[in-house]
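Shown next, in structure tokens, is the structure this report addresses.
In the working numbering, the protein residues as written are 1344 to 1534.
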């Protein structure tokens, strides 16, 4: 509302309304973009965390100490989240509950598979390092495929954004250069 009344002093009310709407949506758009970037980085570094856990288990450490190793050695988004898991475990939460809380915070498909695999291992047992090695390879292959799909579809997505922006750009250009003619067109029967 503040943006609308401020912009209305210099722009036509319609253009002020459109610009104020854009300014109102901008913080939400920025937060979603930052969240997407965070989740992408987390998914990218999660296979490295699985490799650390698998290696720690192979040398004889327990699962909780392997998760502590991830909290200390993994890159940024992963180490922060696993540090929270370690903190929850130290406060008395069980490992499956702490990992489920991690999934509820991050919510990626890769992490869901990891949490499910660790939960099954906790319930039924088995060779966790082998499970994590296979899961790590699968996730790396999946991320490589997603990057390839993203690259191949980039031109189509860019074309869609350009085609979506053309009407708004033309309205802005007409309102700026020939406002009277554009308003006459809008108020006509055809407009």
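The beta carbon of each residue, even a glycine, is placed where N, CA and C say it ideally should be.
Computed from a prediction, not measured in an experiment: that's the story for all the values here.
Check your understanding: CB-CB under 6 Å to residue 1418, same chain, minus the five flanking residues each way: which ones, in chain order?
Key -> Residue mapping note: residue 1418 aligns to position 75 of the chain shown, counting from 1. The answer, listed in chain order, is 1388.
Exercise for review: Indicate the three-state DSSP secondary structure (helix, strand or coil) for residue 1534 in the structure shown.
Suggested key: As a position in the chain shown, residue 1534 is number 191, starting the count at 1. Three-state result, residue 1534: coil.
Exercise for review: Select from 1512, 1424, 1468 and 1528 the residue whose C-alpha is nearest the C-alpha of residue 1358.
Suggested key: One-based indexing of the chain shown puts residue 1358 at position 15. For residue 1358, the nearest C-alpha among the options comes from 1512.
**Study point:** Burial state of residue 1509, where buried means 16 or more other Cβ atoms lie within 10 Å
**Key:** As a position in the chain shown, residue 1509 is number 166, starting the count at 1. Exposed, by the Cβ-count rule.
Point to revise | Whole-angstrom distance between residue 1426 and residue 1406, CA atom to CA atom | key: On the chain shown, residue 1406 is found 63 positions in, with the first residue counted as 1. On the chain shown, residue 1426 is found 83 positions in, with the first residue counted as 1. Taking the straight line joining both Cα atoms gives about 14 Å.
Point to revise | Same chain only: Cβ atoms within 7 Å of residue 1363, ignoring 5 sequence neighbours per side | key: The residue given as residue 1363 occupies position 20 in the chain shown. Closer than 7 Å at the Cβ level, and outside the excluded window around residue 1363, lie 1346, 1347 and 1350.
Practice item. Please classify residue 1400: is it buried, with 16 or more other beta-carbons within 10 angstroms of its beta-carbon, or exposed? Key: Counting from one through the chain shown, the residue named residue 1400 turns up at place 57. By the 10 Å Cβ count, residue 1400 comes out buried.
Check your understanding: By Cβ distance, which residues of its chain are closer than 7 Å to residue 1478, with the 5 residues on each side in sequence left out?
Key -> If you number the chain shown from 1, residue 1478 lands on position 135. Result list for residue 1478: 1393, 1456, 1457 and 1460, in chain order.
Point to revise | Assigned secondary structure, residue 1470 (DSSP; H/G/I helix, E/B strand, else coil) | key: Counted from its first residue, the chain shown places residue 1470 at position 127. In this structure, residue 1470 counts as coil in the three-state DSSP scheme.
Exercise for review: Note down, in chain order, each residue of its chain lying with its Cβ closer than 7 Å to the Cβ of residue 1476, except the 5 sequence neighbours on either side.
Suggested key: Taking the chain shown and counting its residues from 1, the one referred to as residue 1476 is at position 133. If we look at residue 1476 and ignore the five residues flanking it on each side, its Cβ neighbours are 1397.
**Study point:** Residues of its chain near residue 1474, where Cβ-Cβ distance is below 7 Å and the 5 sequence neighbours each way are ignored
**Key:** One-based indexing of the chain shown puts residue 1474 at position 131. Counting only Cβ-Cβ distances below 7 Å, and skipping sequence neighbours, we find 1460 and 1464.
Exercise for review: Following the continuous alpha helix (DSSP H) through residue 1513, name the residue where it begins and the one where it ends.
Suggested key: Taking the chain shown and counting its residues from 1, one reaches residue 1513 at position 170. Taken as a continuous stretch (DSSP letters only), the alpha helix (DSSP H) holding residue 1513 covers 1497-1520.
Point to revise | Those runs of the alpha helix (DSSP H) which lie wholly inside the stretch 1404-1439 and span at least 4 residues | key: 1406-1416 and 1419-1433
Check your understanding: How is residue 1464 classed by DSSP in three states: helix, strand or coil?
Key -> Taking the chain shown and counting its residues from 1, one reaches residue 1464 at position 121. Three-state DSSP puts residue 1464 in a helix.
Check your understanding: To which residues of the same chain is residue 1415 closer than 8 Å at the C-beta, ignoring the five residues directly before and after it?
Key -> As a working note, residue 1415 is residue 72 in the chain shown. For residue 1415, where only same-chain residues beyond five positions count, the Cβ hits under 8 Å are 1422.
Practice item. Taking only the alpha-carbon atoms, compute the straight-line gap between residue 1471 and residue 1448 and give it to the nearest angstrom. Key: Position 128 of the chain shown, counted from the start, is the residue given in the question as residue 1471. Position 105 of the chain shown, counted from the start, is the residue given in the question as residue 1448. Their Cα atoms are separated by approximately 24 Å.
Check your understanding: By Cβ distance, which residues of its chain are closer than 8 Å to residue 1374, with the 5 residues on each side in sequence left out?
Key -> For the purposes of this step, residue 1374 is taken as the residue at position 31 of the chain shown. Cβ within range, chain order: n/a, list empty.
**Study point:** Alpha-carbon to alpha-carbon, residue 1424 and residue 1320
**Key:** Outside the modelled stretch of the chain, which goes from 1344 to 1534, sits residue 1320, for which no answer is possible.
Exercise for review: Express the C-alpha separation of residue 1493 and residue 1336 in angstroms, rounding to a whole number.
Suggested key: Residue 1336 lies beyond the stretch modelled for the chain, which goes from 1344 to 1534, so this question has no answer here.
Check your understanding: Are the beta-carbon atoms belonging to residue 1482 and residue 1420 less than 9 Å from one another?
Key -> If you number the chain shown from 1, residue 1482 lands on position 139. If you number the chain shown from 1, residue 1420 lands on position 77. No, they are not a contact pair.
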